[in-house]
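First up is the structure itself, then whatever we jot down about it.
Residue numbers (the UniProt record's numbering): 1 to 455.
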């Protein structure tokens, strides 16, 4: 079989510079851009820059930037599988070995968008960085050099769409660049250009991208009829929330092809929605599900009792505490449930259960406290999930910081709820209910106990 390559020259205009050649951006942003080109007559070429010295751009260039993307999941209850060849990547650059090629991109007047996914640790300012030591710089440090080159060329600024999973990713990136500019004496005119000619957006990305399908890649290549070292796989669901001037959406009009891309004045409620509903549903359910003898999220979805427990928790206790339109929240929750039921993804409960004490504090406890404040009564399923957490930490399956595990294994429910460094406040007021559930779990087992809080 021959390798996947281009049969004709790529004529796309390079408008997007992308820091990151990994699975996520290729299965999310590049998929969207490819659809925009093919379904809306777009002309968006993506130049990929490898953020780390060891990376995949050589493999990508060997295939002329092309790769197969296999989407699989449930859509309105039906199994959906879709394969496409993504064609929007024009080339990959390794800036460690081709620094000049990287900086030459700054001279391209058509370049308008900068996308990045350099992991949560990527958007980082380090003092005392040397601008002459390119390979030793952080990602924001390199981007500062690139933008200074652009400024010196007298060209316009960029729309920056960082996809790193940190709060205020765009604001943080801009702050790092301004600090480097100050450190390196680039001056007020450059800093004014950064502030006025560039748009740093804060974004929230959501799609499970499962990456290279090691178990069945050879089988897939046989069915495609070509070799492909860059196959990527992902779920069907996708959401990109971008906090920025809505007029900018017209410059990359994903909305015209029905993609789930939202431009908004504030990404915060969407972030809260994801953390409380998607992550909250995981954390409220997986520990009890494990105690019930289940292994994966899909198992939990197929178990009538556990599924009812989770669904009632989401719709009756989490959604009422959130401040977005109810129909939007319910649609998102239904999408989450469909994603959890995805038969193509094996998501182990114990991998989600890692560090559950801190996860409960961030993902579930705010819903508990807001529910009590608004309704003047306790959310019975979310409080039950706290009892299940304590019961889980008394087993050998718990995986957390050593100190947390040692304390949780033997401490009383009262001492655990009083532990303000875990919860941010004293939760003793929940003790009567939590103790009752805990006694029930220990006496009759998790299923009998759970039945009492499921309608």
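We put the CB at the ideal spot given by N, CA and C, even for glycine.
Here the structure is a predicted model, which means the values were calculated and not measured.
Cα separation between residue i and residue j?
| i | j | result |
| --- | --- | --- |
| residue 149 | residue 184 | 14 Å |
| residue 246 | residue 264 | 7 Å |
| residue 6 | residue 63 | 7 Å |
| residue 412 | residue 221 | 56 Å |
| residue 161 | residue 244 | 10 Å |
| residue 199 | residue 37 | 23 Å |
| residue 462 | residue 134 | For the chain, the structure presents residues 1 to 455; residue 462 sits outside this window and is missing. |
| residue 39 | residue 252 | 13 Å |
| residue 425 | residue 4 | 57 Å |
| residue 381 | residue 450 | 8 Å |
| residue 238 | residue 29 | 10 Å |
| residue 164 | residue 189 | 28 Å |
| residue 69 | residue 218 | 15 Å |
| residue 260 | residue 206 | 10 Å |
| residue 168 | residue 442 | 43 Å |
| residue 431 | residue 275 | 25 Å |
| residue 234 | residue 22 | 13 Å |
| residue 58 | residue 26 | 15 Å |
For residue i, which of helix, strand or coil comes out of DSSP?
| i | result |
| --- | --- |
| residue 325 | coil |
| residue 428 | helix |
| residue 235 | coil |
| residue 254 | helix |
| residue 120 | coil |
| residue 222 | helix |
| residue 410 | helix |
| residue 63 | coil |
| residue 422 | helix |
| residue 208 | coil |
| residue 129 | coil |
| residue 31 | helix |
| residue 153 | coil |
| residue 83 | strand |
| residue 57 | helix |
| residue 453 | coil |
| residue 184 | coil |
| residue 145 | helix |
| residue 112 | coil |
| residue 214 | coil |
Who does residue i pair with in a DSSP beta bridge?
| i | result |
| --- | --- |
| residue 202 | 243 |
| residue 404 | Paired residue(s): none; residue 404 is not in a bridge. |
| residue 24 | In the DSSP output, where bridge partners are listed per residue, residue 24 has none listed. |
| residue 11 | BP columns for residue 11 are empty, so no partner. |
| residue 75 | 78 |
| residue 93 | 49 |
| residue 261 | 240 |
| residue 162 | 116 |
| residue 70 | 83, 233 |
| residue 17 | 47, 114 |
Between residue i and chain C, is the shortest Cβ-Cβ distance under 8 Å, so that the two count as touching?
| i | result |
| --- | --- |
| residue 32 | As a matter of chain content, chain C is missing from the structure shown, which is built from one protein chain. |
If we count Cβ pairs, one from each stretch, closer than 8 Å, do we get three or more for the region 72–88 versus the region 99–112? no
Is the region 337–346 close to the region 410–425, with three or more CB pairs under 8 Å? no
Contained alpha helix (DSSP H) runs [length at least 4] in the UniProt domain "Mannitol dehydrogenase C-terminal" (266–402), N- to C-terminal order: 268–273, 280–291, 297–302, 304–313, 326–340, 349–352, 356–363, 365–375, 380–393
Three Cβ pairs or more, each shorter than 8 Å: is that satisfied between the region 359–375 and the region 309–321? yes
Per the contact definition of three or more C-beta pairs closer than 8 Å, is the region 420–440 in contact with the region 353–369? Yes: at least three Cβ pairs fall under 8 Å.
Does the count of Cβ pairs from the region 396–403 and the region 349–359 closer than 8 Å reach three? yes
Counting beta carbon pairs with one atom in the region 114–122 and one in the region 88–101, are three or more of them shorter than 8 Å? Result no; under three Cβ-Cβ pairs closer than 8 Å.
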